[in-house]
Amino acid sequence: MEDVKRVAGSRLPVAVIGGGWAGCAAAVTLARAGRAVTIFEAAPTLGGRARRVARDGLPLDNGQHLLLGAYTRALELLAIVHDHATFERLLTRRPLTLLPLSPTQPNALALVRRHAPGALGLAIGLLDAQGLTWRERFANLLWFVALKRERFTRPLGETVAQLLAPLPTRAAQRLWAPLCLAALNTPIAEASAQIFANVLRAAFAGRGDASDFILPVTDLSTLFPEAAARYVSERAGQLRLGNHARVVTADAQCATLASEDGQRTVSAAIIAVGPHQVSDAFAPEALASIPSLAAAVAATQALTYEPIVTVWIGLASPIALPAPIARLDDAPGQWIVDRPDVLARSTPDAARPPIVQLLAVIISAGGPHMKLPHDELARRVDAQVRRLVAGCGPCVWSQVIAEKRATYACTPHRARPASPALTPTLFLAGDYVDAEYPATLEAAVRSGIAAAEALLNGSPHSACARSRNTYF
Ligand SMILES: Cc1cc2nc3c(=O)[nH]c(=O)nc-3n(C[C@H](O)[C@H](O)[C@H](O)COP(=O)(O)OP(=O)(O)OC[C@H]3O[C@@H](n4cnc5c(N)ncnc54)[C@H](O)[C@@H]3O)c2cc1C
Numbered sequence: 003m004e005d006v007k008r009v010a011g012s013r014l015p016v017a018v019i020g021g022g023w024a025g026c027a028a029a030v031t032l033a034r035a036g037r038a039v040t041i042f043e044a045a046p047t048l049g050g051r052a053r054r055v056a057r058d059g060l061p062l063d064n065g066q067h068l069l070l071g072a073y074t075r076a077l078e079l080l081a082i083v084h085d086h087a088t089f090e091r092l093l094t095r096r097p098l099t100l101l102p103l104s105p106t107q108p109n110a111l112a113l114v115r116r117h118a119p120g121a122l123g124l125a126i127g128l129l130d131a132q133g134l135t136w137r138e139r140f141a142n143l144l145w146f147v148a149l150k151r152e153r154f155t156r157p158l159g160e161t162v163a164q165l166l167a168p169l170p171t172r173a174a175q176r177l178w179a180p181l182c183l184a185a186l187n188t189p190i191a192e193a194s195a196q197i198f199a200n201v202l203r204a205a206f207a208g209r210g211d212a213s214d215f216i217l218p219v220t221d222l223s224t225l226f227p228e229a230a231a232r233y234v235s236e237r238a239g240q241l242r243l244g245n246h247a248r249v250v251t252a253d254a255q256c257a258t259l260a261s262e263d264g265q266r267t268v269s270a271a272i273i274a275v276g277p278h279q280v281s282d283a284f285a286p287e288a289l290a291s292i293p294s295l296a297a298a299v300a301a302t303q304a305l306t307y308e309p310i311v312t313v314w315i316g317l318a319s320p321i322a323l324p325a326p327i328a329r330l331d332d333a334p335g336q337w338i339v340d341r342p343d344v345l346a347r348s349t350p351d352a353a354r355p356p357i358v359q360l361l362a363v364i365i366s367a368g369g370p371h372m373k374l375p376h377d378e379l380a381r382r383v384d385a386q387v388r389r390l391v392a393g394c395g396p397c398v399w400s401q402v403i404a405e406k407r408a409t410y411a412c413t414p415h416r417a418r419p420a421s422p423a424l425t426p427t428l429f430l431a432g433d434y435v436d437a438e439y440p441a442t443l444e445a446a447v448r449s450g451i452a453a454a455e456a457l458l459n460g461s462p463h464s465a466c467a468r469s470r471n472t473y474f
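Note that the sequence shown covers residues 3 to 474 in my numbering.
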């Protein structure tokens, strides 16, 4: 404990390795507590898996993101790094709204959750829903009440398909299966029932607005990482972009890093890299000499990954969406999002024909679409939208962004590090570290805050050194 106190009092900066949402959340938390922070980011820009990608003068994102009202830690942090007026402008929020792009598409379900507390809001929404028989609506409601009665606790190893088994197939397929795929990026046959139950508890068992759909109306880099970097810089922090860093040694007082700038000593390091990048963030001598690293590295190496593809399409004549985000018929697009804000912030570019409407079509998890050339996938998505919307003209511009390792596959029996503290001076953050949520912005932010708080509070690391990992 004496060692930990010495570290807490150290005037050396804290290093945050990785400038994704987890690393930025950790850096903001430390800067807010008065600690000097240096963020090392290997890429030329911050944001990691949630960042702006400019194409033909359009400030797109690497993937269309959706937040839920239950993502309270992420929303709180956005409110810290932006002034109130800016924060209000950057997001749109509306009650959970599942509306099909076409009322005649085969999986059409129309459901709007009401702003009533707890399960009541869901119950009213379900009873009003269209696209389900009365029997299916009641079955869904009773299933949810039973899940709530069991306090959202599921047996170890259960999949979402097993959790949904008591429901009529159509009731499960129209409501819960697409929500599971969107939230866990893992098909129901493989997805962890416990993590899905955690999401349902957060969204439907608490405040009436916890299931709200929140869409960014700016690019993801502006939304958080760039504002976080400004916040940290204004508090004596530093940013090292294009700077791959590695932990070389760590003892109870400090850690040594090797980066493109050379070797440096820091008071502590938060390693906030993607799960597949964890072993590469430690030099071989660190891996050999820090016993608690082995379990954390083993946990990340056991993970498998799921892709997410976003197909951006530009139309020369607009179509009407029933809501800013609407359901598609999964052939191949799953959700479609209207992004007028991207067009509003575009700059002239000769390579881009005139576009009056920009839409983001999301395809979560793997499937045959991953084998298609991007041109062909864009063509199929274009044909899908025109099939569902009578009179829709062909798209005049498209861009496919495929993130092959978008998230870890959120399966049962997944191991995660038991604690963010590896040693008194080394801490882990990243979406894969969080115990509650699947790989989301909220999980990343929660893990970053938890790592920073563990560092600030001198969290004991011995439990982690002893234990291996925690399993879901
Ligand atoms: C296409 C797509 C769509 C998604 N949709 C949603 C959604 O709708 N809602 C939602 O909540 N979540 C969504 N997610 C998930 C969400 O984006 C991630 O969970 C989150 O961004 C992970 O953040 P992170 O900081 O944990 O990791 P990362 O974003 O992977 O950040 C790690 C950073 O560390 C850097 N790095 C790695 N090694 C080093 C090193 N040695 N030195 C320095 N830097 C290093 C990397 O370059 C990277 O910037 C989506 C993800 C993708 C890809």
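Yeah, the Cβ is synthetic: ideal placement off N, Cα and C, and Gly gets one too.
Just so it is clear, the structure is predicted and the values come from calculations on it, not from any experiment.
Looking only at D332, H371 and P350, the smallest Cα-Cα distance to S104 is reached by D332. Not a single heavy atom of ligand 1 lies less than 7 Å from the C-beta of Q336. Between S261 and N245, the C-beta spacing is below 8 Å.
Taking the Cβ of Q279 as the reference point, at least one heavy atom of ligand 1 falls within a distance shorter than 7 Å. Shortest gap from the CB of G22 to any heavy atom of ligand 1: under 7 Å. G264 is bridged by DSSP to S261.
If only complete runs of 4 or more residues are kept, the stretch 277-356 shows the alpha helix (DSSP H) at 286-291, 295-303 and 342-346, in order along the chain. Distances from the CB of N64 to the heavy atoms of ligand 1 include at least one below 7 Å. The C-beta separation of A274 from G25 comes to about 3 Å, placing the pair in contact by the 8 Å criterion. Contact between the stretch 58-73 and the stretch 434-445 is present, with at least three C-beta pairs closer than 8 Å. Nearest in C-alpha terms to E192, of all of V219, L177, V162 and I216, is V162. Using a cutoff of 7 Å, the CB of I310 counts as near ligand 1, since one of the ligand's heavy atoms is closer than that. As a beta-bridge residue in DSSP terms, R248 pairs with A260. The three-state secondary structure of R54, taken from DSSP, is strand. The Cβ-Cβ distance between G50 and G276 falls below 8 Å. Between Q401 and I365, the CB-CB gap reaches or exceeds 8 Å.
By the C-beta criterion, the stretch 418-434 is judged to be in contact with the stretch 282-294, since at least 3 inter-stretch pairs fall below 8 Å.
Taking K406 as the centre and dropping the five residues before and after it, the same chain places the C-beta of P309 closer than 6 Å to its C-beta, in chain order. The beta carbon of V16 sits closer than 8 Å to the beta carbons of L32, R37, A38, V39, T40, V268, S269, A270, A271, I272 and L457 from its chain, once the five residues preceding and following it are set aside; these are given in chain order. In this structure, DSSP gives E228 a helical state, which the three-state scheme calls helix. Contact annotation, L48 with V344: C-beta distance approximately 19 Å; criterion of less than 8 Å not satisfied. Going by DSSP, K406 is part of the beta strand (DSSP E) stretching over C397 to Y410.
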